[in-house]
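Just so it is clear: in the sequence shown, position 189 is 189 by full-length UniProt numbering, and no numbers are missing. Here a beta-carbon is modelled for each residue, glycine too, at the ideal position from N, C-alpha and C. I have placed the structure first, in the form of structure tokens, so that the comments after it can refer back to it.
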Amino acid sequence: MPHISEINSHELMERIADDLADGYDEELELEIEDRAFDEHGLQAPVDRLARQQYFRELFRLQGELVKLQDWVQHSRQKVVVIFEGRDAAGKGGVIKRITQRLNPRVVRVAALPAPNDRERTQWYFQRYVAHLPAAGEVVLFDRSWYNRAGVEKVMGFCTEEEYEEFFRSVPEFEKMLVRSSIRLIKYWFSISDEEQHLRFLGRIHDPLKQWKLSPMDLESRVRWEEYTKAKEAMLERTHIPEAPWWVVQAVDKKKARLNCIAHLLEQLPYADVPHTEVVLPDRVRHPDYLRQPTPGSMLVPERY
Numbered sequence: 001m002p003h004i005s006e007i008n009s010h011e012l013m014e015r016i017a018d019d020l021a022d023g024y025d026e027e028l029e030l031e032i033e034d035r036a037f038d039e040h041g042l043q044a045p046v047d048r049l050a051r052q053q054y055f056r057e058l059f060r061l062q063g064e065l066v067k068l069q070d071w072v073q074h075s076r077q078k079v080v081v082i083f084e085g086r087d088a089a090g091k092g093g094v095i096k097r098i099t100q101r102l103n104p105r106v107v108r109v110a111a112l113p114a115p116n117d118r119e120r121t122q123w124y125f126q127r128y129v130a131h132l133p134a135a136g137e138v139v140l141f142d143r144s145w146y147n148r149a150g151v152e153k154v155m156g157f158c159t160e161e162e163y164e165e166f167f168r169s170v171p172e173f174e175k176m177l178v179r180s181s182i183r184l185i186k187y188w189f190s191i192s193d194e195e196q197h198l199r200f201l202g203r204i205h206d207p208l209k210q211w212k213l214s215p216m217d218l219e220s221r222v223r224w225e226e227y228t229k230a231k232e233a234m235l236e237r238t239h240i241p242e243a244p245w246w247v248v249q250a251v252d253k254k255k256a257r258l259n260c261i262a263h264l265l266e267q268l269p270y271a272d273v274p275h276t277e278v279v280l281p282d283r284v285r286h287p288d289y290l291r292q293p294t295p296g297s298m299l300v301p302e303r304y
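This is the structure in structure tokens:
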């Protein structure tokens, strides 16, 4: 694949347009509930087969995730899944597909903002501990305590002493979680320099995604190599038998979602949970009940 700097402006804009189209496909994907495609197709005919194959496999995997959810509830498991990676690596996309058809009371996302003044004075892991699962729950961390090994290190938000203390503490902290019957799974989403560049350009040109670009994201482009060194140190120093790292190749976003979900399912010994047959009861009707009409002033205008 040619470097971004070697691509002419017309070809670059075509690639950005393709990436934007894929982004809109993602939003369409989240709305599709009937598992069917329009006769005219949602995309160009050349992409139809690949798209159908992708959806077919995604729906199959999401069906397995429902079984996993039932098993977690039934067997009162405690599961933590960590998603880390560079900005625009696709972590949010896979988290959306995992949670799309699941019960948010069972499978929830923890995406913590920057610590406030009080939290900065706490034990570093304290605010993350508050989000750990109880029995019968799964928590997906959209970034986690590994912020210290990445953005905080690169941007100078922690001291060298705090950084080294993190590496001394985190293996013991994670071993303690595992000993307390928490199943801990850690993913790093890996993309190339060129792919991140392209995705950032796509966000700049997409008014629906410009909010995703923060000053920190832009700074990460300047400090690409520093982030790479920090990532390499993090993986080397925190890849422990009790909680190993798993690297997801994420240049192709759709393949990354399928690969990650399939791998996640393989990490947990879930099984079908027997369910009693659901029978919808008859509605009880009372002859003296009369439904009152809704005042017109309360109705939302039907513009569509």
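Status (buried if at least 16 other CB within 10 Å, exposed otherwise) for residue i
{"i": "Thr-121", "result": "exposed"}
{"i": "Phe-59", "result": "exposed"}
{"i": "Tyr-304", "result": "exposed"}
{"i": "Thr-238", "result": "buried"}
{"i": "Glu-39", "result": "Low confidence applies to Glu-39: its pLDDT is 42, below 50, so where it sits in the model is not reliable enough to give any reading."}
{"i": "Ser-220", "result": "buried"}
{"i": "Gln-249", "result": "exposed"}
{"i": "Val-139", "result": "buried"}
{"i": "Ile-98", "result": "buried"}
{"i": "Asp-87", "result": "buried"}
{"i": "Tyr-187", "result": "buried"}
{"i": "Leu-68", "result": "buried"}
{"i": "Gly-93", "result": "buried"}
{"i": "Asn-8", "result": "exposed"}
{"i": "Met-216", "result": "exposed"}
{"i": "Asp-181", "result": "As written in the sequence, residue 181 is Ser, which differs from the Asp given in the question. The residue is exposed, with fewer than 16 neighbouring Cβ atoms inside 10 Å."}
{"i": "Gln-53", "result": "exposed"}
{"i": "Ala-230", "result": "buried"}
{"i": "Leu-218", "result": "exposed"}
{"i": "Tyr-289", "result": "exposed"}
{"i": "Val-247", "result": "exposed"}
{"i": "Pro-295", "result": "exposed"}
{"i": "Gln-292", "result": "exposed"}
{"i": "Glu-84", "result": "buried"}
{"i": "Arg-285", "result": "exposed"}
{"i": "Trp-123", "result": "exposed"}
{"i": "Pro-244", "result": "exposed"}
{"i": "Leu-65", "result": "buried"}
Segment limits, beta strand (DSSP E) that includes residue i
{"i": "Glu-84", "result": "78 to 85"}
{"i": "Ala-110", "result": "107 to 110"}
Residue(s) in a DSSP beta bridge with residue i
{"i": "Glu-174", "result": "Its beta-bridge partners do not exist; DSSP assigns none."}
{"i": "Lys-186", "result": "Ile-82 and Trp-245"}
Beta carbon proximity, residue i to chain E, threshold 8 Å
{"i": "Asp-87", "result": "Looking for chain E here will not work: only one protein chain is present."}
Span of the alpha helix (DSSP H), counted from its first residue to its last, around residue i
{"i": "Ile-95", "result": "91 to 99"}
{"i": "residue 325", "result": "Only positions 1 to 304 of the chain appear in the structure, and residue 325 is not among them; the question remains open."}
{"i": "Gly-63", "result": "45 to 75"}
{"i": "Gln-126", "result": "126 to 129"}
{"i": "Asp-117", "result": "117 to 120"}
- Message: Which complete beta strand (DSSP E) runs does the segment 205 to 283 hold, if anything under 3 residues is left out?
- Response: 245 to 249
query = Is the segment 101 to 121 close to the segment 195 to 213, with three or more CB pairs under 8 Å?
reply = no
Problem set entry | Any 3 or more C-beta pairs closer than 8 Å across the segment 271 to 283 and the segment 70 to 81 | yes
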